[in-house]
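Below: the structure, in structure tokens.
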Amino acid sequence: MKELISFDDFEKIDIRMGTIIEVNEFPKAKKPAYQLTIDFGELGIKKSSAQITQLYSKESLIKRQVTAIVNFKPRQIANFVSEVLVLGVHNESENVVLLKASSSIKNGEQVS
Numbered sequence: 001m002k003e004l005i006s007f008d009d010f011e012k013i014d015i016r017m018g019t020i021i022e023v024n025e026f027p028k029a030k031k032p033a034y035q036l037t038i039d040f041g042e043l044g045i046k047k048s049s050a051q052i053t054q055l056y057s058k059e060s061l062i063k064r065q066v067t068a069i070v071n072f073k074p075r076q077i078a079n080f081v082s083e084v085l086v087l088g089v090h091n092e093s094e095n096v097v098l099l100k101a102s103s104s105i106k107n108g109e110q111v112s
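Per the numbering used here, the very first residue in the sequence shown carries number 1; after that it's consecutive.
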């Protein structure tokens, strides 16, 4: 378990729902990854690098809703700037399984 944080710490994290609108290969990534373009509604279009190639095809990701942290500082990964962190959980094979809502949510809605 990680260090305990306060509720004030949690409130600093901005987690939102978005829909993937574009997926590209990312050959310059150290580990196999995709470059995702995600629509967050009023927050706009954001980009993310995601190591999810083992369980997801590019085609299966288009129009898929994802959960992401949208208020991290942008991170340079090879020749790509990742603006958000898409959330997932490592399964028993150490592959990332994306988190998702149980029903469709408006893009940009905040997780609370």
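For each residue, glycine too, the CB sits at the ideal point set by N, CA and C.
Original post:
From Y56 to Q110, what distance separates their C-alpha atoms?
Top reply: One-based indexing of the sequence shown puts residue 56 at position 56. One-based indexing of the sequence shown puts residue 110 at position 110. Cα-Cα distance, rounded: 25 Å.
Original post:
The beta strand (DSSP E) with L98 in it runs from where to where?
Top reply: What you label residue 98 is simply residue 98 of the sequence shown in a count that begins at 1. 96 to 98 is the extent of the beta strand (DSSP E) around L98.
**OP:** Check each candidate in H90, A33, V84 and name the one with the smallest Cα separation from R75.
**Re:** Within the sequence shown, numbered from 1, the residue matching residue 75 stands at position 75. Checked all of H90, A33, V84; the closest Cα to R75 is V84.
Original post:
For the alpha helix (DSSP H) that contains K46, what are its first and last residues?
Top reply: On the sequence shown, position 46 is the one that residue 46 refers to. Where K46 is concerned, there is no enclosing alpha helix (DSSP H), although the beta strand (DSSP E) it sits in stretches over 45 to 50.
Subject >> Test item: CB-CB of E42 and G108 under 7 Å >> reply: Along the sequence shown, read from residue 1 onward, the residue named residue 42 stands at position 42. Along the sequence shown, read from residue 1 onward, the residue named residue 108 stands at position 108. For E42 and G108, yes; Cβs fall inside 7 Å.
Subject >> Closest by C-alpha distance to I62, when choosing among T37, N71, S49, V86 >> reply: If you number the sequence shown from 1, residue 62 lands on position 62. Selected option, being the one with the closest Cα: T37.
**OP:** Check the DSSP bridge columns for I127 and list the partner residues they point to.
**Re:** Here the chain has residues from 1 to 112 only, and residue 127 is not among them.
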